[in-house]
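Working notes, structure below.
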Amino acid sequence: GNSVTQMEGPVTLSEEAFLTINCTYTATGYPSLFWYVQYPGEGLQLLLKATKADDKGSNKGFEATYRKETTSFHLEKGSVQVSDSAVYFCALIRITGFQKLVFGTGTRLLVSP
Amino acid sequence: DVKVTQSSRYLVKRTGEKVFLECVQDMDHENMFWYRQDPGLGLRLIYFSYDVKMKEKGDIPEGYSVSREKKERFSLILESASTNQTSMYLCASTLSRLTGLGTEAFFGQGTRLTVV
Numbered sequence: 003g004n005s006v007t008q009m010e011g012p013v014t015l016s017e018e019a020f021l022t023i024n025c026t027y028t029a030t031g032y033p034s035l036f037w038y039v040q041y042p043g044e045g046l047q048l049l050l051k052a053t054k055a056d057d058k059g060s061n062k063g064f065e066a067t068y069r070k071e072t073t074s075f076h077l078e079k080g081s082v083q084v085s086d087s088a089v090y091f092c093a094l095i096r097i098t099g100f101q102k103l104v105f106g107t108g109t110r111l112l113v114s115p
Numbered sequence: 024d025v026k027v028t029q030s031s032r033y034l035v036k037r038t039g040e041k042v043f044l045e046c047v048q049d050m051d052h053e054n055m056f057w058y059r060q061d062p063g064l065g066l067r068l069i070y071f072s073y074d075v076k077m078k079e080k081g082d083i084p085e086g087y088s089v090s091r092e093k094k095e096r097f098s099l100i101l102e103s104a105s106t107n108q109t110s111m112y113l114c115a116s117t118l119s120r121l122t123g124l125g126t127e128a129f130f131g132q133g134t135r136l137t138v139v
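Next up, the structure:
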């Protein structure tokens, strides 16, 4: 079946540090891949996405590259800010059949000044 | 601005009560979903619907039912609430099951339900 595995948190960083949150997936075919972010007290919102191999999604300084050969979609940011503190979810969606999102367990990021 | 609205941010209910969680979207989306979010477990799909009056079980449907009488509204029902249903509930919608790649899901703000 389809599944997403992401690193456990919390990830604790100082402001301006480099961020990597690992995400790997298992899926039949070639799914679309997403990173969602959940700020405290809010629902999830789309951060970035990639729809095919070697695509790079980017938004707000975050980037992730769709790596088919390693079935990975790691999230990176060169310099985190306190305002980036949130929970980050990696997710995939099948491109055949009913489009159902499958999520990882989420990784909490805490950025201190 | 696109919107998914959940009727309550916080709810406290007693064990055995029938509980209704309401979700409305204003984007004319075909697909709607109910997830529950628990620490360490991420988001787990309870039920989804791809059309009015249509529903499909997700990964954890036990103890829940749903209703979709109108396209814009998707209700989650706890027939007899239990303490293990204390959780954050998230509603989401996507445009169409026939849409191509990269369909974005839009989420409501969540309902934190406590069953005592």
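If you're matching them up, the sequences are chains A and B in order.
Per my numbering, residue 3 is the first one in the first sequence, and the count goes up by one each step.
Per my numbering, residue 24 is the first one in the second sequence, and the count goes up by one each step.
All C-beta atoms, glycine included, are put in the ideal place defined by N, C-alpha and C.
Which residues in the same chain as residue i place their Cβ atom closer than 6 angstroms to its Cβ, once the five residues preceding and following it in sequence are excluded?
i: Phe56/B; result: Phe71 and Ala115
i: Glu45/B; result: Ser30 and Ser98
i: Leu68/B; result: Tyr58, Gly81 and Asp82
Near residue i, what residues of its chain come up, given a Cβ to Cβ distance below 8 angstroms and the 5 sequence neighbours on each side ignored?
i: Glu44/A; result: none
i: Val139/B; result: Val35, Lys36, Arg37, Thr38 and Thr106
i: Leu15/A; result: Leu21, Val82, Leu111, Leu112, Val113 and Ser114
i: Asn54/B; result: Phe71, Ser72, Tyr73, Ser116, Thr117, Leu118, Ser119 and Arg120
i: Met151/B; result: As displayed, chain B neither begins before 24 nor continues past 139, which places residue 151/B out of reach and without an answer.
i: Lys76/B; result: Arg91 and Glu92
Where does residue i fall in DSSP's three states?
i: Asn107/B; result: helix
i: Asp86/A; result: helix
i: Lys94/B; result: coil
i: Ile83/B; result: coil
i: Tyr41/A; result: coil
i: Asn61/A; result: strand
i: Leu22/B; result: No statement about residue 22/B is possible, as the shown extent of chain B runs from 24 to 139 and does not include it.
i: Arg32/B; result: coil
i: Glu78/A; result: strand
i: Thr28/A; result: strand
Just to check my reading of the structure: residue i and residue j have Cβ atoms closer than 8 angstroms, yes? What is that Cβ distance to the nearest angstrom?
i: Ser117/A; j: Leu111/A; result: The structure shown has nothing for residue 117/A, since chain A only spans 3 to 115.
i: Leu35/A; j: Leu94/A; result: 5 angstroms
i: Phe91/A; j: Gln40/A; result: 7 angstroms
Locate the beta strand (DSSP E) running through residue i, then write down its first and last residues.
i: Thr7/A; result: Ser5 to Gln8
i: Ala19/A; result: Here Ala19/A belongs to no beta strand (DSSP E), and DSSP marks it neither H nor E.
i: Lys55/B; result: Contrary to the premise, residue 55/B reads as Met rather than Lys in this sequence. Per DSSP, Met55/B belongs to the beta strand (DSSP E) from Asn54 to Asp61.
i: Val139/B; result: Element bounds for Val139/B: n/a, residue is neither H nor E.
i: Ala52/A; result: Leu46 to Ala52
Only counting the same chain, and skipping five residues up and downstream in sequence, which positions put a Cβ closer than 7 angstroms to that of residue i?
i: Tyr38/A; result: Leu46, Gln47, Leu48, Leu49, Phe91 and Ala93
Identify each residue in the stretch 57-74 of chain B for which the Cβ-Cβ distance to at least one residue of chain A is less than 9 angstroms, and report them in chain order. Result list: Tyr58, Gln60, Pro62, Gly63, Leu64, Gly65, Leu66, Arg67, Leu68, Phe71 and Tyr73.
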